[in-house]
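With this note's numbering, letter number 244 in the sequence shown gets 479, and the count goes up by one each step, no holes.
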Amino acid sequence: MISIAWRVVGPVGRMSTYRVWVYLILGGALLVPFGLFSSAVVSAVSPVTTTQEGVWLKTLAIMMVMVIAMTAMSLIPAVRVIEGTAARELLGDAVPDHGMGRVTSWPRRIRWAAWIAQHLITGGVIAAITFAMPFVLLFTIPVPFTGRLDIGGRPVLMPEGWASAWLPAVGLLSVLGLVHLVVYLGGLFCRAAPWLLGPTAADRLAAMTKQAERLAERNRLARDLHDSVGHALSVVTVQAAAARRVLESDLAFAERALGAIEDSARSALADLDHVLGLLREDGPPASTQWTLEDLPALLRSTQAAGVTIESSVDGNLGRLPNPVSREAYRIVQECLTNVVRHAGMVAVNVRLVVRRGELAIDIDNPLDPGRGREHGGRGVAGMRERVGLLHGRMSAGPKEGRWCVSVRIPAWSKGER
236 MISIAWRVVG PVGRMSTYRV WVYLILGGAL LVPFGLFSSA VVSAVSPVTT
286 TQEGVWLKTL AIMMVMVIAM TAMSLIPAVR VIEGTAAREL LGDAVPDHGM
336 GRVTSWPRRI RWAAWIAQHL ITGGVIAAIT FAMPFVLLFT IPVPFTGRLD
386 IGGRPVLMPE GWASAWLPAV GLLSVLGLVH LVVYLGGLFC RAAPWLLGPT
436 AADRLAAMTK QAERLAERNR LARDLHDSVG HALSVVTVQA AAARRVLESD
486 LAFAERALGA IEDSARSALA DLDHVLGLLR EDGPPASTQW TLEDLPALLR
536 STQAAGVTIE SSVDGNLGRL PNPVSREAYR IVQECLTNVV RHAGMVAVNV
586 RLVVRRGELA IDIDNPLDPG RGREHGGRGV AGMRERVGLL HGRMSAGPKE
636 GRWCVSVRIP AWSKGER
């Protein structure tokens, strides 16, 4: 029994009820200028009529002009922002805040027009009932004491005492009914908000595509950091160890090793600045990305770590598309990093061939039987991701006592397509 009574009178004490009530009354207030404007327009173009049919047609015309005016107003971005903010603040989190002012498709514009129209029309009805309710109470509560009910200036005699006590009760129940009507309409608005104000299927698809591109860019930045900084740190480690061993016996070699460390650290800082520049939203990074045209510098820095490199290039690397050249550079860099890290000071063969719209990269080095070689890791996985993004193919593994990496990437030269 108590639970039923609480369900009946509970909404009266909830702040959410009055927030919804305020939102609806605001809609009624906004409806007034549209009603005045529509009445003025229809009265200016239609003749004066007193017949019932003419009055109905005039009323219908006023309503149509009001709908057209509300639809036109909903096309203004500032109006959508104000309406959406009011709905979200007064109706709660059920109202989405997905790009209230940034509406570019007509389906969403139509849905916004429907939302504003239902807000204003429903709000007009609730506002009218709300403003009439005090007069209902004012007329019904005194009846048991006065025995009179004033309706439109014409008093109606009523019995005094308990015989007319039902009239104040009806007035109070009317107020309670209005409260429940407001709560019910608030629920309807909250259920309609995701469909009318939320993103369309095309908007969701665009957001998912943008999110996928953002994740792909983050993965590419992670691969670039791993390859560039990993290569620099590997070279720095080898050179620092070599310089420490010969610091007292061969100062010239130690000086060259320290110079190689300086160059590798500077290159790593440039790559790090480039990645941080991409992550910042205040502007593009100042540094440029490495491509196969920077391959000689990469080979020199690796040779400075004590690795012997036999390299050959067949074809014009400068005519490769920038994405292919950039990713191919990172693949070669990661291969040389793995050589320094896992094989040490060995001889490496690096061959690049551009022929028939394809870039071929073949890198091999002797395996260290005592140390072995892992079949994976982030480096190899990163290379496979790069090759996969370019729709190429790759193989990496031991073969006849050597570690061989073979990559084939479709690479139409600039101007061939």
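No residue lacks a Cβ here, since even glycine has one placed at the ideal position from N, Cα and C.
Which residues DSSP lists as bridging M629, in chain order: V642
S653 versus A476: straight-line alpha-carbon distance, rounded: Not covered by the structure: residue 653. The range shown for the chain is 236 to 652.
Nearest neighbour of L261, chosen from A492, L355 and L571 [CA to CA]: L355
Pick from L266, A362, A321 and G421 that is closest to I297, judged by C-alpha positions: L266
V417 - containing alpha helix (DSSP H), residue span: W401 to L432
Residue burial classification, Q446 (beta-carbon count within 10 angstroms, cutoff 16): exposed
Sheet register partners of V585 (DSSP bridge): S546 and I598
Length of the line joining the Cα atoms of G412 and W256: 13 Å
Alpha-carbon to alpha-carbon, Q568 and L533: 7 Å
DSSP beta-bridge partners of I351: Partner(s): none; I351 has no beta bridge.
Element boundaries [beta strand (DSSP E), containing V391]: R389 to L392
When E545, V559, M301 and A321 are compared against A275, the one with the closest alpha-carbon: M301
Assigned secondary structure, L384 (DSSP; H/G/I helix, E/B strand, else coil): strand
Reduced DSSP category for E593 - H, G, I as helix; E, B as strand; rest coil: strand
Reduced DSSP secondary structure (H/G/I, E/B, other) of R637: strand
Neighbour-count burial assignment, D603, 16 or more Cβ in a 10 Å radius: exposed
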